[in-house]
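The structure appears below as C-alpha cells.
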Amino acid sequence: MTAVTSTPLRLLLVDDNPDDRALVLRELRREFPDLHVAEITEQDGFNRALENGDFSLVITDYQLRWSDGLTVLRALKSKWPHCPVVMFTGTGSEEIAVEAIKSGLDDYVLKSPQHYGRLATRVHSTLEQALSKEKLLRAENALRKSDTMLHAIIEAEPECVKILGADGKLRYMNAAGLALVEADSPAQALGKCMTDLVMPQYRLAFDALRQRVLQGESCILEFDITGLKGGHRWLETHAVPLELEDGPGLLGITRDITARKLAEASRAELAAVIEATSDFVGIADAEGRVVYLNHGGRKMMGIAPDEDISATRMADYHSREVMETIRAEAIPTALREGSWSGETCLLSRSGEEIPVSQVIIAHPRHEGGTQFYSTIVRDLTERKRHEAELIHLANHNALTGLPNRTLLCDRLQQALIEAKRHDRLIALMFLDLNRFKHITESLGHEVGDLVLKEFAEQLAGLVREGDTVAHLGSDEFALLFNDVAHSEDAARLAQKVLDHFNHSTLMVGGHSLFVTASAGIALYPADSASVDGLLRAAATAMDRAQSLGGNTYQFYSSEMNAKALENLALSSALHYALKRNELELHYQPLVNFVSGEIVGMEALLRWHHPLLGMVSPAVFIPLAEETGLIASIGTWVLREACRQNKAWQDEGLAPLRVAVNLSARQFVQRDIAATITRILAETGLESRFLELEITESMLMQDAEGAIAIMLRLKEIGISFSLDDFGTGYSSLSHLKRFPIETLKIDQSFVRDIPGDKNDAAIAATIVAMAHALGISVTAEGVETSEQFAFLRTQKCTTMQGYYFSRPLPAAEFARLLREERKLSNV
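Using our numbering, the first residue of the sequence shown is number 184, and each one after it goes up by one.
As C-alpha cells, this is what we get:
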C-alpha cells in the first residue's frame, strides 16, 4: 500500500449516469479502501460543491446533460487550481483532449471496459503527479526564499530534481538524480545533454517537452533512459519553466517508475496469455455474478465473443447437480484453504455436458471477506474419450469388437455370484471354427479377418438379450448363458448356433465360404464352481468335439479331462523324444506303374514311446505343431533321411530319391535353403536324391514368397512334390506357377475308386491335367488291385500304399531293396 492509497481519498464524482458512477466507484474501491465520495448529477449540486467542497480528486464526465466537460473543468481549475482532475470521454477526440489539457486537465480516460479496468492505476498515477506538482511548487517557493534552503531541500529530496539550460544541458542534478543516471559525481553528469541518455524512440518527445517548457508550459512525460553504466530505467518527469541568470531554463522533478511499468507490462502479458489460452478462465464476484470470461471460456460454452455476460451467474455454467456439489464442497474448501480443484462438468449453451477439470480460487479482501472468485477450467472431453477407448480396447477384441477373455471372465464371475445367490444354472460354451487355418493359408489373413468379423456379427445375432458373446482370440469364441433352466436348454442353444452356420455361407472378400464350428459346453455347478474351472472344462469339451470331426457340440465330462491331461503328458514327453532317441523313420516305397520297380521312397516319422509303445503320427504331429517342436523335429527328419539314404548308397544299394515332408513352419524359415545345403554337405547326399513334399495350403498362404523359396532350392538341385492335392482351396490352374515335378493324389480320392464315379473322375482329371503340364503323378493309399488297375489305365506314374508295402523300419526297407522286390502283376 502506497502513501496515496493509505490516506483517505476525498472524491468529487461529476456524472449523471448512475451505471457509469457505479463502475467508477467499484474500480476505485479496490485500490482505495478509504474512499469518501460526493456524487454530482446536476448544476446546482456542482455549484454547491464548488463553493463549499474540499476534495483531493475530481472525476468528471465530458458529456453531461446539463453542461459539458470543458466548462466544468475550467470552473474547477478556477476554484481549485491544484486539485487533480480526471475526465471520462467516450469520443476519443484529440482536439477535445488537447483543449482539456490546456485548461489544466491532469488525465483523461476513454469509456470502455478495458480502460475502466485501468482506472485505479490512472487515478493512482494522477494523485502521485499531483503530489509531485506540490513538491515542485514547494521547491519553487523554497528557491524564492533561500538558495541555501532550496539546495538542502532538493538534495534531500528522494526523487530526481534537475535544472536544464535552454540548450538542454544539465546545469544541476541532486543526489537522487545522479543515482538515477548512474553518475558517481556531479562532474560526470553536469554539462551533458540530457537527450543523450534518453532512449532514441523518446528523444523527439523529450525535445518537444523541453521546447514547450521553455515557452512557458508545464509538461509531463514518461520515457526510458540508459544510464552512464548501461542500466535501463523508466522515468516520469514533470517539468516547469525556470528563469536562469542567462535566460530561460527548465526545472524537472523525475521519479523512477520502472517497477510500475514492469507491473503494467506483466499484467498486459498475463491478459494476453489468458485470452489466448483455450482453457476456460472466469471471474465472479462474491455473490456469484460473472464479471469476466476469456475467449477460451466463451468458445467452450458457445458464447459469442461480444456478448454481454454481466447478467450471468456461476450457476448458469453448470447443471443443477454439479452446482450443488460446488456450493457444498468446492466453495467452502476454497474459502477455507484458498483454492479447490476437482473434476466437474460445464453445461454449454447447446445443453451439452462437457467433462472438465476445474480449479476455484477465493480472493479475500484486505479487510476480511471475499472480494471475488476466479476459476480455471480445462476440457477433458478428449482425455475421457481416450480413457474410454483404452478401457474398451482392454476389454474387447480389436478385430471383432466383442468382449475379450478379460471381460468374459469378469462377466462370468458376476454371473456365478448371481447364480449362487438365486440357485441358477450357467452354461459356458466355447466355439472354434473348423478348418479356419485352411482359409488363412489359402486365401490369406485379410480374408481370414473378414471371416472372423462376419462370423462374430452373425453369432451375436443368435443369442438372447443378456447373454455374452466373446472373442477369445484367433478363431475361438465363447458364449455365456447366464440363466438356463436345464442342460437341454444349453444343448438347444448350441445346436441353434451350429445349424445356423451349417445352412448358410459367409460372403467375404468376393468369396462364398462355408464355415462350420465345433462347440464345447461346461455347466455350473455340475462341472465347476469357479471361473478357471469352467473355462478349462469348456475348452476340453470343445477339443473333444473337434476330435470327433467337428461341426458338433460336446458337454464336458471327466473322461474328457483325462484325455486333456493325457495330451499334456504327451506334449511334455515329446520335448524329450529327440534327446532320448525315441524318434525313428520308416520308409514306404514308391513303385512305378509300368515296371513295378521301386523308384523312390517317402520318409515317415514314427515315435516309439518307452511306455506307450508306438504313438500314432495323427496324435503327436499336431502336438509338435502346437508346441513349436515341429521345426527342430523337422530338421532331424531331414538330416536322418539324408544320412540313411547316403548309407544305403554307400552299401551299394540302388540309388533312390527320398521324399521328406516339410512343415509349414520349416518352409517359411528364411534360412531353409542354407539348412538343407548344410545337411546335404554333412551327410554327403547329392541333392538330386532329395525330394521335398509340401502341401498346396503352404503354397497358397504366400504364393510369391513360396515360389521364391522353391526357386532357391531348385538351384541347388532339390525337387518338389505337391502332397494331398485337391483337399485345399487351390485348383489345378495354380500348378503352372510352381516348380513342381510330382503331384500326389490324396488317398481320400483313391479310397473309393473305381466304385465311386466322382472320385474316379477326379483322379482321372488330375492325372490328365498333370501330364498336360509335364508333371508326374503319384497315387497315395493304393490298397487293392482294382485301384491299382484303374490308376494304371489312367497312366498314373507311381504309387505307394499297402497294395505293395506298408511303411517299413530302415532295416526291413533295406532288405526289400536287397531283394530287388517289385510288383509281379505288371
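All C-beta atoms, glycine included, are put in the ideal place defined by N, C-alpha and C. Since the structure is predicted, the reported quantities are computational estimates derived from the model, not experimental observations.
Taking Leu310 as reference, the option from Asp251, Gln297, Gly252, Leu192 with the minimal CA-CA separation is Leu192.
Per DSSP, Phe215 has no beta bridge partner at all. About 17 angstroms separates the Cβ atoms of Glu780 and Lys978, ruling out a contact at the 8 angstroms cut-off.
One thing to note: Glu428 has its Cβ no nearer than 7 angstroms to the Cβ of Glu419.
Distances from the alpha-carbon of Leu845 to those of Ser815, His621, Leu361 put Ser815 closest. DSSP assignment within the region 832-915 yields the following whole beta strand (DSSP E) runs of 3 residues or more, N-terminal first: 840-844, 873-878, 902-908. Residue environment: Phe238 is assigned as buried (16 or more neighbouring CB atoms within 10 Å of its CB, all protein chains considered). Using a Cβ distance threshold of 7 angstroms, Gly399 and Pro424 count as a contacting pair.
Looking at Asn477, Gln729, Val843, Glu637, the one whose alpha-carbon comes closest to that of Gly692 is Glu637. Collapsing the DSSP output to three states places Glu400 in coil. Across the set Cys592, Trp263, Ala598, Leu293, the C-alpha of Leu293 shows the shortest separation from the C-alpha of Gln246. Rounded to the nearest whole angstrom, the C-alpha separation of Ile704 and Ala712 is 14 angstroms. Between Ala545 and Gly521 the beta-carbon gap is near 6 angstroms, inside 8 angstroms, which marks them as a contact. Taking a contact to require three or more Cβ pairs closer than 8 angstroms, the region 668-680 and the region 714-727 do not qualify as touching. Leu392 and Ile537 have their C-alpha atoms some 57 angstroms from each other. Inter-residue distance for Glu214 and Ser308 is about 12 angstroms (C-alpha atoms, whole angstroms). Gly817 carries a helical assignment under DSSP once its states are collapsed to helix, strand and coil. In this structure, DSSP gives Arg763 a state outside helix and strand, which the three-state scheme calls coil. Around the beta-carbon of Ser625, 16 or more other beta-carbon atoms lie within 10 Å, marking it buried. According to the DSSP secondary-structure assignment, Thr272 is paired through a beta bridge with Leu293. Assigned with DSSP and collapsed to three states, Pro586 falls in strand.
By the 16-neighbour rule on beta-carbons within 10 angstroms, Glu785 is buried.
In the three-state DSSP reduction, Lys352 falls in the strand class (E or B). Between the region 868-875 and the region 818-835, the count of C-beta pairs closer than 8 angstroms reaches three or more; the two stretches touch. The C-alpha of Thr860 lies about 49 angstroms from the C-alpha of Leu573. In the three-state scheme derived from DSSP, where H, G and I count as helix and E and B as strand, Cys376 is classed as strand. Residue range 628-643 is occupied by the alpha helix (DSSP H) that includes Asp632. Contact between Leu599 and His769 does not hold, since their C-beta atoms are separated by about 51 angstroms, which reaches or exceeds 8 angstroms.
For Leu974, the CB contacts under 6 angstroms within the same chain, skipping 5 residues up- and downstream, are Ala962 in chain order.
Here Arg257 really is in contact with Ser286; their C-beta atoms are around 5 angstroms apart, less than 8 angstroms. Considered as a whole, the region 184-262 harbours 192-197, 218-223, 240-244 as its complete beta strand (DSSP E) runs of no fewer than 3 residues, in chain order. At a Cβ-Cβ threshold of 7 angstroms, Arg416 and Asp439 count as neighbours.
Listed in chain order, the beta strand (DSSP E) runs fully inside the region 940-985 are 959-963, 981-983, counting runs of at least 3 residues. Around the CB of Arg840, 16 or more other CB atoms lie within 10 Å, so the residue is classed as buried.
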